[in-house]
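Asker: Take this structure first; my questions come after.
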Amino acid sequence: MIKFLEKQWMHTINDALQKWKDYEYHNEIRCPLCTVGDRAVKYCFVCEVPIDQQCLCFHETMNSYLDHTTISIIDVDQRFKIKHFATKRNCPNHRLLQSTSYCTSCSKFVCQECAEYHLKMNHNVDMLIDVYLLFDKLHALKRSSEDKIHSNPDLSEEEHAVLKMSITWIEVILVFEMIIPILMQYLFKLIYVMH
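Given below as structure tokens:
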């Protein structure tokens, strides 16, 4: 089980959650790159900012921007994922490699090569992507529960109450950033039960 009380680990997760919330729950997002500052239509993960139609044209036509990855802000089928906002850190031992894991035994971020070494040393190593995927699954579960409540008026009182409780717990974690180990254990169990 992941040690959620690690300060460095928590700070990284909370940063990603905060950035995700800023875009997921914001009605109108403006482009900060240009002087026009129109309503953003995409988010650039390389520039780490939302971009309007004018800046999108630059991203699609200028050679220096062609390798930039973007996602639609206005298309509901292309929802932001919390993993999109994961902080990119380099491994302290291999500065050119990106950290993929966190060693709770050493309290440091490590690359895949170091993670394998730490596991051989019987350290507790958690994959960063697993945490972000968990939060993305929680958000998908919240949306699914909301859809089920709204689209199924024949739910029993008990089913309705369970879905509402699930939504409430997920909101506590995602919206209010109150990541508490007891709540996380409850939600891990809930995800496995509902799948």
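Heads up: the sequence shown begins at 1 in UniProt numbering, then just goes up one per residue.
Beta carbons: idealized from backbone N, C-alpha and C, even for Gly.
Just so we're clear, the structure is a prediction, and the values are computed from it rather than from any experiment.
Determine, using beta carbons only, whether Met62 and Thr100 come nearer to each other than 8 Å.
Answerer: Reading the sequence shown from its first residue, position 62 is the one you call residue 62. Reading the sequence shown from its first residue, position 100 is the one you call residue 100. No. Outside cutoff.
Asker: With H, G and I counted as helix, E and B as strand and the rest as coil, what does DSSP make of Ile74?
Answerer: On the sequence shown, residue 74 is found 74 positions in, with the first residue counted as 1. Coil.
Asker: Express the C-alpha separation of Glu157 and Pro50 in angstroms, rounding to a whole number.
Answerer: Counting from 1 along the sequence shown, the entry for residue 50 is found at position 50. Counting from 1 along the sequence shown, the entry for residue 157 is found at position 157. Looking at the two C-alpha atoms, the distance is approximately 42 Å.
Asker: Please state if the CB of Asp22 and the CB of Cys31 are separated by a distance shorter than 8 Å.
Answerer: Numbered from 1 along the sequence shown, position 31 holds the residue referred to as residue 31. Numbered from 1 along the sequence shown, position 22 holds the residue referred to as residue 22. The answer is no: Cβ separation not under 8 Å.
Asker: Please state whether DSSP places Lys81 in a helix, a strand or coil.
Answerer: If you number the sequence shown from 1, residue 81 lands on position 81. In the structure shown, Lys81 sits in coil (DSSP, three-state: anything other than H, G, I, E or B).
Asker: From the DSSP output, in three-state form, read off Ile29 for me.
Answerer: As a position in the sequence shown, residue 29 is number 29, starting the count at 1. Reduced to three states, the DSSP call for Ile29 is coil.
Asker: So the candidates are Ala86, His139 and Cys103; which of them puts its Cα closest to the Cα of Asn122?
Answerer: As a first step, residue 122 is located in the sequence shown; it is residue number 122 there, counting from the start. Ranking the options by Cα distance to Asn122, first place goes to Cys103.
Asker: Using 8 Å as the limit for Cβ to Cβ distance, is Lys83 near chain D?
Answerer: The chain inventory of the structure shown lacks chain D, comprising one protein chain alone.
Asker: Please confirm whether Phe135 and Leu17 have their CB atoms less than 8 Å apart.
Answerer: To locate residue 135, count along the sequence shown from 1; it is residue 135. To locate residue 17, count along the sequence shown from 1; it is residue 17. For Phe135 and Leu17, yes; Cβs fall inside 8 Å.
Asker: Considering only DSSP beta bridges, list what Met51 is partnered with.
Answerer: By 1-based counting over the sequence shown, the position of residue 51 is 51. Reading the sequence as shown, one finds Ile at residue 51 and not Met. Bridge partners of Ile51: Lys42.
Asker: Measure the Cβ-Cβ separation of Ile82 and Lys42 and say whether it is below 8 Å.
Answerer: Here residue 82 refers to the residue found at position 82 of the sequence shown. Here residue 42 refers to the residue found at position 42 of the sequence shown. For Ile82 and Lys42, no; Cβs fall outside 8 Å.
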